[in-house]
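A.B. asks: Below you will find the structure I want to go over with you.
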Amino acid sequence: MPTQEMFRQQANRTRLIAFTTLLACGALLALSTNMAKVSNTLGFAQFPYLTWSLAGATLMLGLLSLAKRQPLPLKRPALVYYFVAAFLSVAGSNFIFFSAVSKVGVSFVALTLSLPPLLTYLGALMLGMESFNRWRAAGVAFALAGAGVLVMAKWSSATDDRLWILLTLLGPVLLAAGNLYRSSHWPKGAKAESLAPGMLMAATLILALAGSAGPQGIMLTDLDGAKTGLLVLQALVFATQFKLLFILQKAGGPVFLSLIGAVSAAFGIPVSVALLGEPLLPAIIPAAIFMLVAIVCMLHGQKQVQAV
Numbered sequence: 001m002p003t004q005e006m007f008r009q010q011a012n013r014t015r016l017i018a019f020t021t022l023l024a025c026g027a028l029l030a031l032s033t034n035m036a037k038v039s040n041t042l043g044f045a046q047f048p049y050l051t052w053s054l055a056g057a058t059l060m061l062g063l064l065s066l067a068k069r070q071p072l073p074l075k076r077p078a079l080v081y082y083f084v085a086a087f088l089s090v091a092g093s094n095f096i097f098f099s100a101v102s103k104v105g106v107s108f109v110a111l112t113l114s115l116p117p118l119l120t121y122l123g124a125l126m127l128g129m130e131s132f133n134r135w136r137a138a139g140v141a142f143a144l145a146g147a148g149v150l151v152m153a154k155w156s157s158a159t160d161d162r163l164w165i166l167l168t169l170l171g172p173v174l175l176a177a178g179n180l181y182r183s184s185h186w187p188k189g190a191k192a193e194s195l196a197p198g199m200l201m202a203a204t205l206i207l208a209l210a211g212s213a214g215p216q217g218i219m220l221t222d223l224d225g226a227k228t229g230l231l232v233l234q235a236l237v238f239a240t241q242f243k244l245l246f247i248l249q250k251a252g253g254p255v256f257l258s259l260i261g262a263v264s265a266a267f268g269i270p271v272s273v274a275l276l277g278e279p280l281l282p283a284i285i286p287a288a289i290f291m292l293v294a295i296v297c298m299l300h301g302q303k304q305v306q307a308v
């Protein structure tokens with residue numbers, strides 16, 4: 001018979017898994033965002049870079065699933081799940097972010113990734129997936145305030161990048177929709193390890209079809225050691241990031257999952273400034289403080305919800 005102590009220990013383990021995977025996913029997303037800018041400096045077009053790095057990640061996770069004898073769910077609901085989740089969470093959002101880093105900078109892209117908590121929480125409340133919690137609501141409010149400070153500062157200093165500012169803001173909308181969709185349409189009985197390669201495979205197909213119809217195409221040209229190494233590293237980052245993403249989704253839920261963006265900003269902005277020579281907007285510091293407070297509030301709210 002399960003005791004109260006056993007339930008408390010299980011809750012503590014779940015919180016630990018959620019917190020550690022949140023940090024890991026955020027760090028990997030930050031690395032990915034900075035690598036997108038490096039890919040631009042090496043002359044990569046975004047469609048080929050994203051398509052082939054996702055193809056590599058799909059291969060890695062597919063082989064891992066085979067080794068663990070975890071077959072890919074292939075029934076119709078699972079296939080629909082793969083393609084919808086792939087467009088919202090991978091193909092559409094990543095193409096926007098990867099294209100935007102050369103226009104508005106890594107720092108701006110990283111901090112706009114703090115917007116999904118607001119959109120995800122509001123959507124989860126409307127869909128009845130989450131109950132109202134004042135600490136979570138406060139965390140969302142602080143995250144929104146931080147993003148608002150950054151966007152206003154970037155808008156006032158921008159000249160020809162304002163269109164890209166608006167386009168970049170579409171990325172968090174797609175991510176929030178993806179968070180909600182993956183939670184509400186999780187295929188019955190499916191494990192996280194089996195869903196990740198299916199979603200990445202669908203994202204690869206979406207990008208390959210879209211890229212083939214456009215002027216860039218998806219063929220890789222003028223590959224050298226640096227470009228090949230970057231592609232392999234990006235594939236490894238994608239594979240690890242999306243495998244952990246499904247684990248985090250199970251442990252923390254869609255709203256906690258959406259804090260990945262805020263954690264990513266904390267890792268990604270110092271890297272972009274120190275290693276890529278990006279200028280540091282004065283608004284970055286107050287915005288980052290808002291994000292830190294948001295994470296603390298959301299963690300406290302998560303603890304309250306799991307204690308009920």
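For the sequence shown, the positions run 1 to 308 when full-length UniProt numbering is used.
Don't be surprised by glycine CBs; every beta carbon is placed ideally from N, CA and C.
When DSSP labels each residue in this structure, what does residue 162 get in the three-state scheme?
C.D. replies: For the purposes of this step, residue 162 is identified with residue 162 of the sequence shown, where counting begins at 1. Looking at residue 162 - three-state DSSP - the assignment turns out to be helix.
A.B. asks: When you compare only the Cα positions, how much space is there between residue 50 and residue 292?
C.D. replies: Numbered from its first residue, the sequence shown carries residue 50 at position 50. Numbered from its first residue, the sequence shown carries residue 292 at position 292. For residue 50 and residue 292, the distance between alpha carbons rounds to 30 Å.
A.B. asks: Output the boundary residues of the alpha helix (DSSP H) element that contains residue 193.
C.D. replies: For the purposes of this step, residue 193 is taken as the residue at position 193 of the sequence shown. It spans 192-213 - the alpha helix (DSSP H) in which residue 193 sits, taken as one unbroken run.
A.B. asks: Give the secondary structure of residue 221 by DSSP, where H, G and I count as helix, E and B as strand, and everything else as coil.
C.D. replies: Looking up residue 221 in the sequence shown gives position 221. Coil at residue 221, not helix or strand.
A.B. asks: Beta carbon of residue 127, beta carbon of residue 147: below 8 Å?
C.D. replies: Counted from its first residue, the sequence shown places residue 127 at position 127. Counted from its first residue, the sequence shown places residue 147 at position 147. Taking 8 Å as the Cβ cut-off, residue 127 and residue 147 do not qualify as a contacting pair.
A.B. asks: Using only the alpha-carbon positions, how far apart do residue 252 and residue 18 sit?
C.D. replies: Within the sequence shown, residue 252 is the residue found at index 252, counting from 1. Within the sequence shown, residue 18 is the residue found at index 18, counting from 1. Distance between the alpha carbons of residue 252 and residue 18 is about 5 Å.
A.B. asks: Drop a sphere of 10 angstroms on the beta-carbon of residue 322, count the other beta-carbons inside from all chains shown, and report buried for 16 or more, exposed for fewer.
C.D. replies: Nothing can be reported for residue 322: it is not among the residues displayed for the chain, which extend from 1 to 308.
A.B. asks: Taking the alpha helix (DSSP H) that residue 46 falls in, what are its first and last residues?
C.D. replies: Position 46 of the sequence shown, counted from the first residue, corresponds to residue 46. Its alpha helix (DSSP H) spans residues 46-67.
A.B. asks: When you compare each of 264, 270, 282 to residue 25 by their alpha carbons, which one comes out closest?
C.D. replies: On the sequence shown, residue 25 is found 25 positions in, with the first residue counted as 1. Checked all of 264, 270, 282; the closest Cα to residue 25 is 264.
A.B. asks: If distances are taken between C-alpha atoms only, which option among 238, 197, 140 comes closest to residue 296?
C.D. replies: The residue given as residue 296 occupies position 296 in the sequence shown. Among 238, 197, 140, the Cα nearest to that of residue 296 belongs to 140.
A.B. asks: Inspect the beta-carbon positions of residue 95 and residue 109 and report whether they are closer than 8 Å.
C.D. replies: If you number the sequence shown from 1, residue 95 lands on position 95. If you number the sequence shown from 1, residue 109 lands on position 109. Contact flag unset, no.
A.B. asks: Of the residues 218, 267, 257, 131, which one's Cα is nearest the Cα of residue 175?
C.D. replies: Start at 1 with the first residue of the sequence shown, and residue 175 comes out as number 175. Here the closest residue by C-alpha is 257.
A.B. asks: Where does the unbroken alpha helix (DSSP H) through residue 103 begin, and where does it stop?
C.D. replies: Locating residue 103 in the sequence shown gives position 103, where the first residue counts as 1. Residues 92-104.
A.B. asks: Would DSSP call residue 43 helix, strand or coil?
C.D. replies: Position 43 of the sequence shown, counted from the start, is the residue given in the question as residue 43. In this structure, residue 43 counts as coil in the three-state DSSP scheme.
A.B. asks: Return the chain-ordered list of same chain residues with a C-beta closer than 6 Å to the C-beta of residue 91, the five sequence neighbours on each side being excluded.
C.D. replies: Here residue 91 refers to the residue found at position 91 when the sequence shown is read from its first residue. Within the same chain, residue 91 has close Cβ partners 203, 206, 207.
A.B. asks: Quick one: measure Cβ to Cβ for residue 129 and residue 184, integer angstroms, because I've assumed they're closer than 8 Å.
C.D. replies: Taking the sequence shown and counting its residues from 1, one reaches residue 129 at position 129. Taking the sequence shown and counting its residues from 1, one reaches residue 184 at position 184. 6 Å between Cβ atoms; contact.
A.B. asks: Assign residue 77 to one of two classes, buried (16 or more other C-beta atoms within 10 Å of its C-beta) or exposed (fewer than that).
C.D. replies: Start at 1 with the first residue of the sequence shown, and residue 77 comes out as number 77. Exposed, since its Cβ has fewer than 16 Cβ neighbours within 10 Å.
A.B. asks: Would residue 260 and residue 22 be called neighbours here (beta carbons separated by less than 8 Å)?
C.D. replies: Here residue 260 refers to the residue found at position 260 of the sequence shown. Here residue 22 refers to the residue found at position 22 of the sequence shown. In contact: residue 260 and residue 22 (Cβ atoms closer than 8 Å).
A.B. asks: Just to confirm before moving on: does the CB-CB distance between residue 280 and residue 273 stay below 8 Å?
C.D. replies: Along the sequence shown, read from residue 1 onward, the residue named residue 280 stands at position 280. Along the sequence shown, read from residue 1 onward, the residue named residue 273 stands at position 273. The answer is yes: Cβ separation under 8 Å.
A.B. asks: Where do the ends of the alpha helix (DSSP H) carrying residue 135 lie?
C.D. replies: The count along the sequence shown starts at 1 and reaches residue 135 at position 135. It spans 134-157 - the alpha helix (DSSP H) in which residue 135 sits, taken as one unbroken run.
A.B. asks: The ligand MN heavy atoms versus the CB of residue 290: any closer than 7 Å?
C.D. replies: Of ligands this structure carries none, so the ligand MN is not represented either.
A.B. asks: Looking at residue 48: is its Cβ nearer than 8 Å to the Cβ of residue 229?
C.D. replies: Your numbering for residue 48 matches position 48 in the sequence shown. Your numbering for residue 229 matches position 229 in the sequence shown. Their beta carbons are not under 8 Å apart, which means residue 48 does not touch residue 229 by this criterion.
A.B. asks: Based on Cα-Cα distance, which residue from 287, 288, 283 lies nearest to residue 157?
C.D. replies: The count along the sequence shown starts at 1 and reaches residue 157 at position 157. Of 287, 288, 283, the residue nearest in Cα terms is 283.
A.B. asks: Near residue 236, which residues of its chain fall below 6 Å by C-beta distance, leaving aside the five closest residues on each side in sequence?
C.D. replies: Locating residue 236 in the sequence shown gives position 236, where the first residue counts as 1. Excluding residues within five positions, none has a Cβ falling inside 6 Å.
A.B. asks: Taking the C-alpha atoms as reference points, what is the distance between residue 52 and residue 231?
C.D. replies: Numbered from its first residue, the sequence shown carries residue 52 at position 52. Numbered from its first residue, the sequence shown carries residue 231 at position 231. When rounded, the distance between both Cα atoms is 7 Å.
A.B. asks: Spatial neighbours of residue 132 within its chain, please: C-beta separation below 7 Å, excluding the five flanking residues on both sides.
C.D. replies: Start at 1 with the first residue of the sequence shown, and residue 132 comes out as number 132. Same-chain partners within the cutoff: 125.
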